[in-house]
Amino acid sequence: MAEKNDKLKSKTLPERVSTGITGLDEIAGGGFEKNSTILVVGGAGSGKTTFLLQFLYNGAVEEEEPGVLLTFEESKDAMRRHTKSFGWDFDKLEDKDMFSVISYKPHEVKKLIDEGGGMIWDTIHSIGAKRLAVDSLTSYTMLFETTYQAREAQLSLYEMLRKWNCTTLLSAEKAKQVAGPSTGMEYLSDGVILLHHPRQRNVRVRAVEVLKLRGTEHSQKLCPFEFVKNKGIVVYPGEDVFSDSKDGGF
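Position one of the sequence shown corresponds to residue 6 (my numbering), numbered consecutively onward.
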């Protein structure tokens with residue numbers, strides 16, 4: 006009877022994919038739900054872009070899941086410089102059709118909406134992408150003239166993302182003076198990851214928090230992380246974060 010219940014349970018549980026971030030699966034209930042949309046929020050320099058690129062790179066190398074980066078910020082050359090110290094060879098992945106980067110200029114964004122993301126879908130389809138990263142939602146929003154246009158564009162983007170059947174990460178900037186994620190898109194996202202890096206005396210303290218993962222029993226603990234050469238972000242679930250920060254910390 007117990008074996009039958011276990012089989013039934015396994016059929017009802019959503020399929021999960023590794024986050025690609027060392028130590029994060031442990032506090033995220035085993036990984037991200039397949040085809041979910043996850044918002045990664047943090048201040049400037051908190052590690053959002055590294056987080057997204059590590060998700061794509063390790064997804065391709067370790068899970069054999071091709072990925073696409075949609076960026077409104079970094080050029081391909083900037084991305085190469087950004088990832089050099091971590092030993093991530095995106096050029097090699099691109100040659101194997103395991104990775105592709107799409108960069109949109111400000112004047113091209115309206116075309117993205119009008120075409121329903123046609124070029125992105127074509128790229129996803131051509132390489133069989135399973136993972137998608139959008140860097141960043143903040144930059145995307147700033148390309149519209151009014152708040153109303155920006156909100157409508159965000160809603161349109163989320164609608165497109167759900168049609169593409171990829172596990173998707175979006176980065177977003179957190180305003181320093183505002184508590185919480187404060188992007189306005191948390192309610193549409195299946196998950197929200199917060200990257201903290203307040204100043205403690207003369208150093209920055211880095212910590213990751215799983216604020217929300219829909220349908221997942223995830224950790225409520227803030228866990229320290231660091232950037233490690235030839236690895237990227239490494240999270241330490243068994244360690245505690247201590248901070249006496251006065252400038253928007255924990």
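Backbone N, C-alpha and C fix where the C-beta goes; we use that ideal spot for every residue, glycine too.
Environment of residue i [buried if 16+ CB atoms lie within 10 Å]
i: F77; result: buried
i: R136; result: buried
i: K179; result: buried
i: S49; result: In the sequence under discussion, the amino acid at residue 49 is Ala, which differs from the Ser named in the question. That one is exposed.
i: K116; result: exposed
i: M103; result: buried
i: M190; result: buried
i: T146; result: buried
i: A83; result: exposed
i: P19; result: exposed
i: E67; result: exposed
i: G121; result: exposed
i: Y153; result: exposed
i: F37; result: buried
i: V215; result: buried
One or two residues paired with residue i in a DSSP bridge
i: C228; result: V213
i: F104; result: G72
i: D140; result: T76
Beta-carbon proximity of residue i to residue j, cut-off 8 Å
i: L142; j: L193; result: no
i: D140; j: E99; result: no
i: V246; j: G28; result: no
i: T221; j: G34; result: yes
i: L166; j: V114; result: no
i: I118; j: A158; result: yes
Contact set for residue i: own chain, Cβ-Cβ below 8 Å, skip 5 residues either direction
i: I129; result: V73, L137, W169 and C171
Residue of the options minimising C-alpha distance to residue i
i: R211; options: G220, K217, L227 and H223; result: L227
i: P242; options: E99, H223 and N235; result: H223
i: P203; options: V215, P229 and L218; result: P229
i: E69; options: F149, V22 and A155; result: V22
i: H87; options: Y109, E214, L58 and K101; result: L58
i: V233; options: E31, Q205 and K89; result: K89
i: G47; options: L162, T151, L200 and S131; result: L200
i: V208; options: D127, R85, Q225 and E231; result: E231
Neighbourhood of residue i by C-beta distance below 6 Å, restricted to the same chain and skipping five residues each side
i: V45; result: K53, F56, L174, S176 and I198
i: K81; result: V106
Sequence-distant residues of the same chain with beta carbon closer than 7 Å to residue i, five excluded per side
i: G133; result: P71
i: N235; result: F91 and G92
i: S41; result: T172, D195 and G196
i: A65; result: P71, G72, L98, M103 and F104
i: L61; result: G72, L74, F104, R136 and A138
Any non-hydrogen atom of the ligand COA closer than 7 Å to residue i Cβ
i: E157; result: Ligands are entirely absent from the displayed structure, and the ligand COA is therefore not among its contents.
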